[in-house]
Every structure is written in C-alpha cells, then in structure tokens.
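Numbering-wise (the working numbering), the sequence shown opens with residue 29 and increments by one.
Written below as structure tokens is the structure these notes are about.
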Amino acid sequence: MMTTPLNCIIVDDEAGAHLVLDHYLKSFSSLTLSASFYNAIEAMEYIHSQPVDLIFLDINMPGVSGMDMLEAMPDPPLVVLTTAYSEYALQSYRYQVVDYLVKPIDLPRFTAAIHKVFRRYRPLTPAQQEGNTTAPPPSSLMLKVDGEVIRVQLDSITHIQSWGNYVKVYTEQQVYLSPVTTTEIEQKLDKLGFKRIHKSYIISLQHIQKVTHGEVHLHSGVILPVGNTYRRELMEYFR
C-alpha cells in the first residue's frame, strides 16, 4: 500500500495544459504536484536537486523538446508524455515511458494512465534508502538454452514466438529456443517494454516500425499478426 504520495512535476510550455493536469491531479490523494515548469532546462535542474517520482512531459517545446530531455537523462523518473501529436508514440517507448496521452486529455484517459503509474512504481526498500541507491530495471533476461543458462540483452530482443512447450526468442543477431511457456516469459518481461499481441507472439515496443490493420511491422522487416483479444490494449498504448 502506498503511504507517501508520489512527487509529480509538469513540464509543458502551454498554460492551458498546466491548468488541466493540475485539476486532474487534485483527484488523486496519492499524487502531489511538487512543481510546474514551462521549459525542460528548468525542469532538469529541479530534478537534479529534488526528489521526483513522476513527470508529465510535453514533447513539442521550444528549445529543448521532451524527447531531448528524455535523451539527456540516463535514469529519469517515471514519465507520462502529454502531447497534441500522436506520431511520436512509437519512438517514445524506447525511453520506457509509462503512457502517452494525446491532447485534449479527458479525465478517464488520465485516470487510466495513473493506474499504469501505480503498477509500474516501485518505492525504495529501507536498505536502498539507507544506501541512497536505486533499483534499476533489469537490462537482460536469463534463458535456458540447450542445457545452459545464457544472458540475453533485452534491447536486442525483437519478438518472441510460442513454440509448443518452448518459446523462440528472436534477437537482432540470432534465435534462441528455450523450454519456457509464453505466459511464463511474458510475466518476466512485464513492464519492461514488451507487449503480448497474439496468443503466439510477444513483441518489443521499441522495435515496432508501424501498426496497421491487424498487423505489427518490425524494423527488421518481420510482420506479425495482432490477435483480436489483444488489439484494443495494444492500440491504447498509442492513443
């Protein structure tokens, strides 16, 4: 149970966006608006000196854009992007953003994003707090392959295919066959930038080139089907 509210900041060059987000944030006792900024430089200076758990970040800002700001922060807080433009949705997921909200943002859509924040948020343990360290998300996955356990870098994985009682893990370099079910590996990859799109396929969000009617196109040229059960949830990521 979360006892301390999350410290949030708004970074947006539009006054109207600040008013809307501030109003919505007041509906959640578990969130506290600590500061608001109209440019990314001031926001980054604040983040370097103050604890911030969540950023509501606009993309198109003069000078340093929201994407520039994410690129400049090696270990950013949780981020919900807020923008009037939908074309950056796929690009944004390489930064492991929690959600992508397209303006005008209504309260139900904002609430859905906050629920994703709560699922992603992991407070520091007492030991981590004492040592002033953070627990970064894992960057690799341990797989059993041909009787050995190997380490596979997450950012190299393009997609995963169900193969009976095994899965095929496709990377940019090769394919691994591992004796694990699709459901088990999906649980390991939960909240790490991967998404189930079909009963037989899990894809890496950062390797998507485009999503069309019933298909996902990867940068590698692979085209995968999107199951009816998973289509709506997948498209929610890019609203």
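From the three backbone atoms N, C-alpha and C, an ideal C-beta is built for every residue, glycine too.
This structure is a prediction, so every number in the text was calculated from the model and none was measured.
Spatial neighbours of residue 198 within its chain, please: C-beta separation below 6 Å, excluding the five flanking residues on both sides.
186, 187
Would you say residue 104 and residue 75 are within 9 Å of each other, going by their C-beta atoms?
yes
Confirm, please, whether the CB-CB distance from residue 45 to residue 72 is below 9 Å.
no
Which of the three DSSP states is assigned to residue 24 in this structure?
Here the chain covers residues 29 to 267 and nothing more, so residue 24 does not appear.
Span of the alpha helix (DSSP H), counted from its first residue to its last, around residue 77
68-77
Using a 10 Å radius around the Cβ and a threshold of 16 neighbouring Cβ atoms, would you call residue 146 buried or exposed?
exposed
Through-space distance from residue 122 to residue 102, alpha-carbon basis:
12 Å
Taking the continuous beta strand (DSSP E) assigned at residue 86, which residues delimit it?
82-86
Can you tell which of 207, 36, 206, 125 has its C-alpha closest to the C-alpha of residue 148?
125
So, using beta-carbon positions, are residue 223 and residue 213 closer together than 9 Å?
no
Nearest candidate by alpha-carbon position, reference residue 86, set 51, 65, 179
65
Whole-Å CB distance - residue 225 paired with residue 258, under 8 Å assumed
5 Å
Please classify residue 215: is it buried, with 16 or more other beta-carbons within 10 angstroms of its beta-carbon, or exposed?
exposed
Where residue 144 falls: helix, strand or coil (DSSP):
helix
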